[in-house]
Structures are given as C-alpha cells and as structure tokens.
Amino acid sequence: MVQPQIPPQPPIVSGTKTQADIDRNKETAAHDHEDEVAARARSEDGGPASPSLAGRVASAVQRLLGRSPR
Numbered sequence: 040m041v042q043p044q045i046p047p048q049p050p051i052v053s054g055t056k057t058q059a060d061i062d063r064n065k066e067t068a069a070h071d072h073e074d075e076v077a078a079r080a081r082s083e084d085g086g087p088a089s090p091s092l093a094g095r096v097a098s099a100v101q102r103l104l105g106r107s108p109r
C-alpha cells in the first residue's frame, strides 16, 4: 500500500524588508506627515482637528440645499 506524501513546502523566507517595503514605508511616512501638518493647521485655525464624516456630510447637504450649516 502506498502512503500519501506531504506536498513539498515553499522555503521559509527570513523576515527582512525588501527595497519595495522600504520605499512604501517612506511614502506612507510622507503622507502621515502631510496629514499631521494639515490637522495641526486646522486646529490652529479654530476648526476641528478631525471633523466627523457625519458632520462633513451634513454640511455638504446643507450647502447643496442652499442653507447655511449650523
């Protein structure tokens, strides 16, 4: 009787970063920095640092209807 064989497994790759990972991390860090700068500017202007989605939608609807937002 022939015993079933376990299929060959791919080699285990060490957990090192590739150049693509490093490049992507630099880009992500740049976007994060831009978000921080924008949030800081909004908070310094007296506006909310992170307006809620519901609030932004409500304001947009009010503008479309020609009403001033609350």
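Counting with this note's numbering, you get residues 40 to 109 for the letters of the sequence shown. Positions of the beta carbon are idealized from the N, C-alpha and C atoms, including for glycine.
Point to revise | Delimiting residues of the alpha helix (DSSP H) encompassing residue 44 | key: For the purposes of this step, residue 44 is taken as the residue at position 5 of the sequence shown. Under the DSSP assignment, residue 44 falls outside any alpha helix (DSSP H); it carries neither an H nor an E label.
**Study point:** Coil, strand or helix - residue 91 by DSSP
**Key:** In the sequence shown, the residue the question calls residue 91 occupies position 52. Residue 91 carries a coil assignment under DSSP once its states are collapsed to helix, strand and coil.
Check your understanding: Cα separation between residue 48 and residue 78?
Key -> The count along the sequence shown starts at 1 and reaches residue 48 at position 9. The count along the sequence shown starts at 1 and reaches residue 78 at position 39. Rounded to whole angstroms, residue 48 to residue 78 spans 48 Å at the Cα level.
Practice item. Measure the C-alpha to C-alpha separation of residue 94 and residue 71 and round it to an integer number of angstroms. Key: Translated into the one-based positions of the sequence shown, residue 94 becomes position 55. Translated into the one-based positions of the sequence shown, residue 71 becomes position 32. When rounded, the separation of the alpha-carbon atoms in residue 94 and residue 71 is 23 Å.
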